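> Residues in the sequence shown are numbered from 23 upward in steps of one, following the numbering used here. Virtual Cβ for every residue (Gly too), placed ideally from N, Cα, C. Remember, it's a predicted structure, so these values are computed and weren't measured experimentally. Below you will find the structure I want to go over with you.
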Amino acid sequence: MLVSFRELSLGEDHEGIIELPDDAPVGTPYAVWAGMDDPVIDISVTPNRGDALAVRGVARDLAAAGLGTLKPFSPAPVIGHGASAIIWKNEYPEACPYILGRTITGIKNTESPDWLKARLTSIGLRPINALVDVTNFFTIDLGRPLHVFDADKVTGGVLTLRHGAGETFNGLHGKPVSVGPDDCVIVDASGVQSLAGIVGGEATGCDETTRNVFIECALFDRVHIAQTGQRCGIFSDARQRFERGIDSMLLPAALDAATAMVMQLCGGNPSLVTEAGEKPDWNRKAGLRFKRLKDFGGADVAPDEAVASLEKLGFTIYRRDAMHVELDVPSWRNDIASPSALDQREGLQAMQAATGAAEMEPEHDLIEEVLRLRGLDAITPVSLPVPSGIPAPMLTPKQVRTALARRVLAARGLMECVTFSFLDHDIAKLFGEASDLRLANPIAADLDEMRPTPVATLILAAARNIARGYGDLGFFEVGPAYVNATEQRLVAAGIRTGETPLSALQPSRKYDAMDAKADALTVLLALGVPAEAITATAEAPKFYHPGQSGVLRQGPKIILGHFGTLHPSVCAKLDVPLGSVAFEVFLDAIPEPKRRKKAAPILPAFQPIRRDFAFLVSADTPSDALLRAAKGAERTLITNAVLFDRYAGKNLPEGQISLAIAVTIQPVDKTLTEVELEAVAAKIITAVGKATGGVLRG
Numbered sequence: 023m024l025v026s027f028r029e030l031s032l033g034e035d036h037e038g039i040i041e042l043p044d045d046a047p048v049g050t051p052y053a054v055w056a057g058m059d060d061p062v063i064d065i066s067v068t069p070n071r072g073d074a075l076a077v078r079g080v081a082r083d084l085a086a087a088g089l090g091t092l093k094p095f096s097p098a099p100v101i102g103h104g105a106s107a108i109i110w111k112n113e114y115p116e117a118c119p120y121i122l123g124r125t126i127t128g129i130k131n132t133e134s135p136d137w138l139k140a141r142l143t144s145i146g147l148r149p150i151n152a153l154v155d156v157t158n159f160f161t162i163d164l165g166r167p168l169h170v171f172d173a174d175k176v177t178g179g180v181l182t183l184r185h186g187a188g189e190t191f192n193g194l195h196g197k198p199v200s201v202g203p204d205d206c207v208i209v210d211a212s213g214v215q216s217l218a219g220i221v222g223g224e225a226t227g228c229d230e231t232t233r234n235v236f237i238e239c240a241l242f243d244r245v246h247i248a249q250t251g252q253r254c255g256i257f258s259d260a261r262q263r264f265e266r267g268i269d270s271m272l273l274p275a276a277l278d279a280a281t282a283m284v285m286q287l288c289g290g291n292p293s294l295v296t297e298a299g300e301k302p303d304w305n306r307k308a309g310l311r312f313k314r315l316k317d318f319g320g321a322d323v324a325p326d327e328a329v330a331s332l333e334k335l336g337f338t339i340y341r342r343d344a345m346h347v348e349l350d351v352p353s354w355r356n357d358i359a360s361p362s363a364l365d366q367r368e369g370l371q372a373m374q375a376a377t378g379a380a381e382m383e384p385e386h387d388l389i390e391e392v393l394r395l396r397g398l399d400a401i402t403p404v405s406l407p408v409p410s411g412i413p414a415p416m417l418t419p420k421q422v423r424t425a426l427a428r429r430v431l432a433a434r435g436l437m438e439c440v441t442f443s444f445l446d447h448d449i450a451k452l453f454g455e456a457s458d459l460r461l462a463n464p465i466a467a468d469l470d471e472m473r474p475t476p477v478a479t480l481i482l483a484a485a486r487n488i489a490r491g492y493g494d495l496g497f498f499e500v501g502p503a504y505v506n507a508t509e510q511r512l513v514a515a516g517i518r519t520g521e522t523p524l525s526a527l528q529p530s531r532k533y534d535a536m537d538a539k540a541d542a543l544t545v546l547l548a549l550g551v552p553a554e555a556i557t558a559t560a561e562a563p564k565f566y567h568p569g570q571s572g573v574l575r576q577g578p579k580i581i582l583g584h585f586g587t588l589h590p591s592v593c594a595k596l597d598v599p600l601g602s603v604a605f606e607v608f609l610d611a612i613p614e615p616k617r618r619k620k621a622a623p624i625l626p627a628f629q630p631i632r633r634d635f636a637f638l639v640s641a642d643t644p645s646d647a648l649l650r651a652a653k654g655a656e657r658t659l660i661t662n663a664v665l666f667d668r669y670a671g672k673n674l675p676e677g678q679i680s681l682a683i684a685v686t687i688q689p690v691d692k693t694l695t696e697v698e699l700e701a702v703a704a705k706i707i708t709a710v711g712k713a714t715g716g717v718l719r720g
């Protein structure tokens with residue numbers, strides 16, 4: 023077969039076929055002859071194991087497991103001559119605690135030798151030129167990202183690390199990069215030359231004409247790198263390593279090793295090292311009680327074996343006795359005895375939790391290291407104890423309430439969704455944002471704020487379905503809504519868009535606010551809230567339509583939920599149809615029902631009587647107020663009152679409507695006379711007039 027390098031994915035050369043020398047052994051696989059048959063190790067690296075993103079880190083673990091011997095890394099110091107023509111100035115130490123650099127003059131940037139190109143090609147990197155290939159080599163070999171500036175293209179002789187100020191520059195990845203105030207940038211006298219720790223600038227990049235270079239070797243803060251990378255959406259090998267944590271004590275040795283390789287491949291004369299910031303002071307210790315290997319880890323490991331395993335991984339003994347060992351943590355293991363995220367929280371409880379974590383986690387980390395080298399399959403399985411007797415209820419009242427709300431809403435024809443608890447800041451503003459709900463380290467740039475209500479994420483889910491042609495939707499979710507940084511509440515929320523399902527019994531119609539109210543009321547009634555205790559008032563949140571929404575209350579203080587038509591501006595912004603409706607039920611706000619023994623139902627011996635009344639009331643009078651007044655007019659006799667007609671139009675005074683109700687009167691111990699019935703009717707008319715200002719319609 024005649025093929026080119028590009029056709030075998032071995033390079034970009036497609037000008038001709040690969041020509042083999044005459045002494046190439048016929049019948050030998052090309053990969054074997056070309057030295058491309060190395061084993062490929064595919065590793066899933068956790069976010070806290072930056073050392074595993076280096077060949078040396080992987081080799082260290084393999085050697086500790088008994089596969090080979092780790093070669094020491096001890097590069098000879100490079101003797102520099104004269105001060106560097108470029109120096110550092112650090113105005114952003116929070117993002118870059120420490121940085122080194124040196125100038126190499128008189129180099130010749132050539133093509134890399136075959137051995138270097140072969141190593142880079144074997145891991146999927148494309149060789150570019152000697153200078154760039156050297157930085158890529160040490161990024162992969164040591165997990166130590168470096169950057170090389172063309173010194174002749176740097177203006178002013180000073181490279182400054184500072185906050186971004188909204189500038190834009192062209193990156194080495196061929197795209198423009200815009201920087202923000204929280205980003206760390208490297209600038210010279212002419213402007214931004216690098217987004218620190220993520221991508222360099224095209225203006226100071228090296229090419230075949232480069233004769234003088236400046237090598238950067240920095241320790242960047244992992245959180246700043248992660249936040250900047252997520253905001254910019256730039257993923258690079260350097261970012262991947264910095265945000266997982268690099269070896270903070272390796273900077274001088276890595277700079278010397280890189281300098282030596284540049285001089286070996288390109289020649290040149292090195293300067294003295296220039297630095298800025300404070301040298302890192304790595305001093306972490308972790309203790310291990312030997313009996314915890316059995317008690318907590320489930321493996322019976324001899325103390326000497328456990329210590330030997332940890333020493334192979336680079337830990338050194340600080341002190342040891344028969345029961346315990348305390349070890350110095352190597353500088354490349356940022357995951358061991360690391361500061362707890364609980365340290366960033368306020369309050370006594372958080373402080374106590376952080377203290378407890380700081381005491382326990384280092385020991386747990388060491389146990390994990392011993393067990394993974396020994397093999398987790400060496401842990402003897404232990405069966406859980408079989409419970410005896412009748413199991414106690416396993417669900418809390420809150421869990422029971424949550425499950426019941428889900429069943430009720432599903433029975434109402436709504437489909438359950440599980441959405442993210444965070445969303446875009448600009449969308450959150452539509453639902454009443456709180457400044458302290460912004461995320462410091464979001465998983466994506468458009469998911470940077472905790473949601474004020476599940477209605478927001480349900481609308482987004484509905485919009486995605488509508489865009490695919492599914493217009494008549496009913497979704498619900500039972501999940502958290504975030505009030506502020508410390509408070510959240512459990513909400514059963516739902517949304518309906520489009521029209522009701524087709525039915526032979528009634529025509530299809532558009533959903534309205536009453537459908538959302540019915541959904542919310544059904545949940546409340548199922549959870550034990552008495553119907554007569556629920557009132558509906560106005561004052562719903564601003565993302566609801568002001569004239570087609572309401573607040574469900576129990577008494578004057580307890581807000582049980584909201585319902586209504588979504589505001590037209592929200593519908594337009596989030597691409598859902600006008601008239602879409604939603605509701606929220608605050609499950610945490612519902613009082614626990616009182617446990618009472620149910621009495622035997624009273625079966626009246628007398629026939630109930632229905633009387634109809636039509637009242638003229640103001641157009642803004644809630645029907646609930648009228649019904650409550652009618653029911654309360656004579657509690658011993660009136661058992662129910664329902665609205666059966668609402669009329670607005672001709673023959674009525676301006677600004678008034680007619681509400682017709684049916685009142686059920688249940689005699690208790692005798693048949694009521696007409697006089698007694700008229701007395702009850704008079705009480706109803708009086709009570710309604712006092713509560714709503716309504717008068718009996720003639």
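1) Mind listing, in chain order, the continuous alpha helix (DSSP H) runs of no fewer than 4 residues lying wholly within the stretch 473-507?
2) From 152, 346, 302 and 476, pick the residue whose C-alpha is nearest to that of residue 135; which is it?
3) Using only the alpha-carbon positions, how far apart do residue 658 and residue 592 sit?
4) By a C-beta neighbour count over all protein chains shown, 10 Å radius and 16 as the cutoff for buried, is residue 568 buried or exposed?
5) To the nearest angstrom, how far is the alpha carbon of residue 42 from that of residue 130?
6) Put residue 366 into one of helix, strand or coil per three-state DSSP.
7) Measuring CB atoms only, is the stretch 249-267 touching the stretch 336-344, in the sense that at least three cross pairs come out at less than 8 angstroms?
8) For the alpha helix (DSSP H) containing residue 288, name the first residue and the last one.
9) Tell me which same chain residues have a C-beta within less than 7 angstroms of the C-beta of residue 81, skipping the five on either side of it?
10) Buried or exposed for residue 672, going by 16 or more other Cβ atoms inside 10 Å?
11) Got a sec, what are the start and stop residues for the alpha helix (DSSP H) residue 622 sits in?
12) Could you please give the first and the last residue of the uninterrupted beta strand (DSSP E) stretch that includes residue 661?
13) If you compare alpha carbons, which of 524, 354 and 166 is closest to residue 219?
14) Threshold first: 4 residues or longer. Then list the alpha helix (DSSP H) segments lying entirely within the stretch 46-105, N to C.
15) In terms of alpha-carbon separation, which member of 638, 626, 639 and 389 lies closest to residue 661?
16) Taking only three categories from DSSP, how would you classify residue 325?
17) Pull up the CB-CB distance for residue 609 and residue 513, whole angstroms please, since I reckon it's below 8 angstroms.
18) Restricting to runs no shorter than 4 residues, where is the alpha helix (DSSP H) found entirely within the stretch 102-132?
19) Using the DSSP secondary-structure output, state which residues sit across from residue 603 in a beta bridge.
20) For residue 72 versus residue 305, is the C-beta distance shorter than 8 angstroms?
21) Using the rule of at least 16 other Cβ atoms within 10 Å of the residue's Cβ for burial, across every protein chain shown, is residue 169 buried or exposed?
22) Leaving aside the five residues before and after residue 159 along the sequence, list all residues of the same chain whose C-beta is less than 8 angstroms from its C-beta, in chain order.
23) What do you get for residue 114, buried or exposed, if any count of 16 or more other CB atoms within 10 angstroms of its CB means buried?
24) So is residue 723 buried or exposed if we call it buried at 16+ other beta carbons inside 10 Å?
25) So, using beta-carbon positions, are residue 562 and residue 647 closer together than 8 angstroms?
26) In three-state DSSP terms, what is residue 250?
27) With a cut-off of 8 angstroms, do at least 3 Cβ pairs link the stretch 633-652 to the stretch 535-546?
28) DSSP state of residue 462, grouped into three classes?
29) Give me the Cα-Cα distance between residue 202 and residue 238, rounded to the nearest whole angstrom.
30) Could you check whether residue 441 and residue 483 sit closer than 8 angstroms to each other, using their CB atoms as the reference points?
31) Within the same chain, show all residues whose beta-carbon is closer than 8 angstroms to that of residue 266, passing over the 5 residues directly before and after it, in chain order.
32) If you follow the beta strand (DSSP E) that residue 350 is in, where does it begin and where does it stop?
33) Apart from the five residues just before and just after residue 667, which ones in its own chain have a Cβ nearer than 6 angstroms to its Cβ?
34) Please report the distance separating the alpha-carbon of residue 454 from that of residue 469.
35) Does the beta-carbon distance from residue 221 to residue 181 come in below 8 angstroms?
36) So, for residue 497: in the same chain, excluding its five sequence neighbours on each side, which residues have a beta-carbon less than 7 angstroms away from its beta-carbon?
Taking the structure as given:
1) As far as the stretch 473-507 is concerned, its whole alpha helix (DSSP H) runs of at least 4 residues are 476-488.
2) Nearest option by C-alpha distance: 152.
3) Their backbone Cα atoms lie some 48 angstroms apart in a straight line.
4) If you draw a 10 Å sphere on the C-beta of residue 568, you find fewer than 16 other C-beta atoms in it, and that means exposed.
5) Spanning the alpha carbons of residue 42 and residue 130 requires a straight line of approximately 30 angstroms.
6) The pLDDT assigned to residue 366 is 48, lower than 50, so where the model puts this residue is not dependable, and the model offers no usable value.
7) The answer is no - the stretch 336-344 does not touch the stretch 249-267, with fewer than three Cβ pairs under 8 angstroms.
8) Unbroken alpha helix (DSSP H) run through residue 288: 273-288.
9) Once the five neighbours on either side are set aside, the close Cβ partners of residue 81 are 92.
10) Exposed, since its Cβ has fewer than 16 Cβ neighbours within 10 Å.
11) That residue, residue 622, is in no alpha helix (DSSP H); it is neither H nor E in DSSP.
12) Per DSSP, residue 661 belongs to the beta strand (DSSP E) from 660-669.
13) Looking only at 524, 354 and 166, the smallest Cα-Cα distance to residue 219 is reached by 166.
14) Within the stretch 46-105, the complete alpha helix (DSSP H) segments of 4 residues or longer fall at 52-55 and 77-86, listed in chain order.
15) For the residues 638, 626, 639 and 389, the minimum Cα distance to residue 661 belongs to 626.
16) DSSP, read as helix, strand or coil, puts residue 325 in helix.
17) Their Cβ separation, rounded to whole angstroms, is 7 angstroms, which keeps residue 609 and residue 513 in contact under 8 angstroms.
18) None, since the stretch 102-132 contains no complete alpha helix (DSSP H) of that length.
19) Residue 603 pairs with 518 and 587.
20) Here residue 72 is not near residue 305, since their CB atoms are 8 angstroms or more apart.
21) Counting the other CB atoms within 10 Å of its CB gives residue 169 a total of 16 or more, which places it among the buried residues.
22) Cβ within range, chain order: 138, 141, 142 and 283.
23) It counts as buried.
24) Outside the shown range of the chain, which is 23 to 720, sits residue 723, and nothing can be said about it.
25) Judged by beta-carbon spacing, residue 647 lies beyond the 8 angstroms limit of residue 562, meaning their Cβ atoms are not closer than that value.
26) Residue state, collapsed to three classes: helix.
27) Touching, no.
28) In the structure shown, residue 462 sits in coil (DSSP, three-state: anything other than H, G, I, E or B).
29) Approximately 22 angstroms between the Cα atoms of the pair.
30) For residue 483 and residue 441, yes; Cβs fall inside 8 angstroms.
31) The residues are 67, 69, 70, 71, 72, 75, 244 and 356.
32) Residue 350 -> beta strand (DSSP E) spans 346-350.
33) Closer than 6 angstroms at the Cβ level, and outside the excluded window around residue 667, lie 682.
34) The alpha-carbon atoms of residue 454 and residue 469 are separated by roughly 16 angstroms.
35) No; because the gap between Cβ atoms is not below 8 angstroms, this pair is not in contact.
36) Non-local C-beta neighbours of residue 497 in its own chain, meaning closer than 7 angstroms and more than five positions away in sequence, comprise 436, 437, 439, 480, 483, 484, 516 and 517, ordered along the chain.
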